[in-house]
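Heads up, our numbering is the position in the first sequence plus 6, with the first residue counted as 1. Note that CB positions come from ideal geometry on N, CA and C, so glycine has one too. Since this is a predicted model, take the numbers as computed values, not measurements. What follows is a single structure, written as structure tokens, with notes after it.
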Amino acid sequence: MSDLHIYNSYTRQKEKFESITPGYAGLYVCGPTVSGESHLGHARPYITFDIVQRYLRYQGYKVRYVRNITDAGHFEEEGRDAIDKVGEKAKLEKLEPMEMVHKYTSLFHHGMRLFNCEEPSIEPTATGHIIEQIEMIKTIIAKGYAYEVNGSVYFDVNKYAAGYPYGKLSGRVLEDQLETTRELDGQEEKRNKADFALWKNAPPEHIMRWQSPWGEGFPGWHIECSAMSSKYLGETFDIHGGGMDLQFPHHESEIAQSTIAHGHAPVRYWMHNNMITINGKKMGKSYNNVIKLSELFSGNHPILEQAYHPMVVRFYILQTHYRSTLDFGNEALQASERAFRRLWEAYEVLQKLGHAGNSIAEDMALDAQVTTWCHECAEFMNDDLNTAKVIANLFELAPVINGIKGGQVSVGALSASTFALLQATYSVYLVDILGMQPLQVQQTNKLDQVLSLLIEIRKDAKKRKDFATSDLIRNQLAEAGVLLKDEKDGTVSYTVA
RNA sequence: GGUCGGAUGGCCGAGCGGCUAGGCACAGCUCUGCAAAAGCUGCUACAGCGGUUCGAAUCCGCUUUCGACCUCCA
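Printed below as a string of structure tokens:
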């Protein structure tokens with residue numbers, strides 16, 4: 007595919023991406039609820055849409071990427087738990103709601119940086135947009151699609167469904183929804199079980215509350231995204247992303263609210279990433295099977311055999327297509343770690359490699375094959391962002407790179423232009439688009455000087471066939487986490503674990 | 001119960017009518033003082049049963065099985 011095609015959850019098919027305003031792309035992604043620490047499952051959408059955003063930029067779009075912070079409303083229960091626990095210990099240590107929100111927002115940002123996810127252009131908070139949300143609710147009431155009961159406002163789904171395709175995004179029929187027997191808070195207030203809250207009256211013990219035309223309360227969960235996305239991206243914008251589990255009711259409700267408030271559908275392309283599972287089950291709070299990011303990075307969790315570097319996790323996630331479920335496993339993560347080390351090393355080797363300068367390839371077949379592998383990367387990305395296939399091609403190219411370095415492949419096997427293409431492909435795809443970074447930090451000069459000295463001493467020992475000394479140096483350094491490698495050309499390189 | 005989506009080699013995972021990805025692991029070889037790394041070679045799978053087709057992992061049907069969602073979960 008020579009143009010970007012993405013799978014639109016709304017139409018259930020791949021569609022050519024055409025932005026509303028040529029050259030500009032608007033992307034809205036449902037962000038975190040900052041009442042708790044982010045876990046591995048949360049990492050997937052943010053990494054997935056980081057790729058979307060990076061790729062659109064690479065394609066030349068000026069992207070406005072909006073990702074909200076949910077710091078109000080529907081998380082009162084967990085927030086309350088957290089507060090009460092602390093409160094039991096000492097009233098002095100009690101967390102203010104704002105304190106809790108700040109804490110988890112910071113943690114979230116820290117995690118995003120470790121994952122090398124680029125910052126969104128705008129990161130609006132729900133609490134910062136109470137007025138916009140109230141205005142939107144007022145509009146919906148004025149248009150006759152919402153009603154107030156006891157200080158709460160509900161969206162009239164039945165009325166909406168009569169004139170609009172309610173349930174199209176999530177593929178469900180309203181009649182089925184009405185048969186739900188589940189008991190929910192405020193159910194008796196609703197005219198209809200399928201109705202959802204736009205505004206909720208706050209009970210006295212509720213910690214977060216705002217003044218509204220309907221009394222003190224807090225906004226319904228869905229309205230924040232509708233209010234903020236339309237404010238920053240317009241009443242109709244290009245892409246809305248989020249986890250598959252948000253399709254219903256969250257995104258379905260967003261469509262309904264915005265359609266009534268603005269008179270037309272809010273989103274052109276809906277994109278949903280699939281879940282991360284563990285032992286086949288979705289990783290989620292309700293299943294009590296989450297691995298928090300801090301646990302993942304430290305290895306401090308009963309089921310973790312080791313710590314996993316953020317880049318390993320990112321690579322692991324990108325090795326699977328975003329619409330497939332991804333099952334967590336130590337073995338899988340460890341495989342990703344080895345794989346990524348190898349790929350990154352090939353990249354570093356490639357950047358240092360020189361070329362003979364011949365314009366005609368000595369090995370025409372290999373030259374053609376390399377060219378194909380490189381060009382295919384674009385096709386794969388254009389085909390609904392198939393990062394798994396891009397990575398596969400980069401791996402296909404690795405032996406060519408290592409072969410040139412190791413002498414198995416002639417330096418002039420590829421033409422100068424193909425070699426340049428190879429270098430560009432690695433750096434564009436691996437670094438710019440997939441957003442990968444090295445596992446180890448840059449070494450300080452001092453360490454480098456010390457190691458250079460040790461390497462010299464060892465070289466000298468080897469020259470004298472004093473292998474006892476040379477092996478001692480290598481083994482001791484290995485124990486300290488520094489791996490020495492004797493290269494073919496006689497030089498010695500090292501990696502620090 | 002309803003709706004939807006999966007079941008791919010030892011493990012993870014692409015694929016979505018012919019060209020039988022890729023990674024990790026494993027085995028052999030080359031290189032090497034020995035390692036490590038790297039290179040080469042080997043390893044052919046698509047839950048089961050029918051059907052459509054010249055041809056199916058890919059389409060259709062049934063069965064088995066796992067999962068997601070069904071009102072506030074990324």
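{"Item": "At a cut of 8 Å, does the stretch 100-120 reach the stretch 42-52 through at least three beta carbon pairs?", "Value": "yes"}
{"Item": "Check whether the stretch 424-435 touches the stretch 388-403, counting contact only when three or more Cβ pairs, one atom from each stretch, lie closer than 8 Å.", "Value": "yes"}
{"Item": "Ordered along the chain, which non-local residues of its own chain (more than five positions away) have a Cβ less than 7 Å from that of Thr424?", "Value": "Ala367, Asp373, Val376 and Thr377"}
{"Item": "Threshold first: 3 residues or longer. Then list the beta strand (DSSP E) segments lying entirely within the stretch 7-39, N to C.", "Value": "11-14, 19-22 and 30-35"}
{"Item": "Is Arg154 helix, strand or coil when you go by DSSP?", "Value": "One point to set straight first is that residue 154 is Glu, not Arg, in the sequence displayed. It is a strand residue."}
{"Item": "Is the beta carbon of Ser232 within less than 7 Å of some heavy atom of the ligand NAP?", "Value": "Looking at this structure, you won't find the ligand NAP or any other ligand, since it has none at all."}
{"Item": "In chain order, what residues of the same chain have a beta carbon less than 7 Å from the beta carbon of His48, not counting five sequence neighbours either side?", "Value": "Pro38"}
{"Item": "Compute the beta-carbon to beta-carbon distance between Gly150 and Trp220, rounded to the nearest angstrom, for a pair I have assumed lies under 8 Å.", "Value": "Incorrect: roughly 16 Å between the Cβ atoms, too far for contact."}
{"Item": "Between the stretch 271-289 and the stretch 404-418, are three or more C-beta pairs nearer than 8 Å?", "Value": "no"}
{"Item": "Note down the Cα distance separating Thr501 from Leu490, rounded to an integer number of angstroms.", "Value": "7 Å"}
{"Item": "Which runs of the alpha helix (DSSP H) fall wholly inside the stretch 245-270 and span at least 4 residues, in chain order?", "Value": "258-268"}
{"Item": "Verify whether the separation of the beta carbon atoms of Val498 and Ile439 is less than 8 Å.", "Value": "no"}
{"Item": "Buried or exposed: where does Thr187 fall if 16 or more other Cβ atoms within 10 Å of its Cβ makes it buried?", "Value": "With a pLDDT of only 43 at Thr187, under 50, the local geometry of the prediction cannot be trusted, and the value read off the model is given with reservation. Its Cβ having fewer than 16 others within 10 Å, Thr187 is exposed."}
{"Item": "What do you get for Leu10, buried or exposed, if any count of 16 or more other CB atoms within 10 angstroms of its CB means buried?", "Value": "buried"}
{"Item": "Quick check: the stretch 199-219 against the stretch 160-177, are at least 3 beta-carbon pairs closer than 8 Å?", "Value": "yes"}
{"Item": "So, using beta-carbon positions, are Glu124 and Asp77 closer together than 8 Å?", "Value": "no"}
{"Item": "Kindly indicate which three-state DSSP category Arg470 falls into: helix, strand or coil?", "Value": "coil"}
{"Item": "What span of residues does the alpha helix (DSSP H) with Met370 cover, start to end?", "Value": "Met370 to Asn388"}
{"Item": "Would you list the residues sitting across from Tyr275 in a DSSP beta bridge?", "Value": "Ile245"}
{"Item": "Between Ile266 and the rest of its own chain, which residues show a CB-CB distance below 6 Å, the 5 nearest in sequence each way excluded?", "Value": "Ile146, Lys149 and Tyr151"}
{"Item": "If we ignore side chains and look at the alpha-carbon of each, how far apart do Ser127 and Arg480 end up?", "Value": "48 Å"}
{"Item": "Taking the beta carbon of Asn306 as the centre, do at least 16 other beta carbons fall within 10 Å, making it buried, or is it exposed?", "Value": "exposed"}
{"Item": "Please state whether DSSP places Pro444 in a helix, a strand or coil.", "Value": "coil"}
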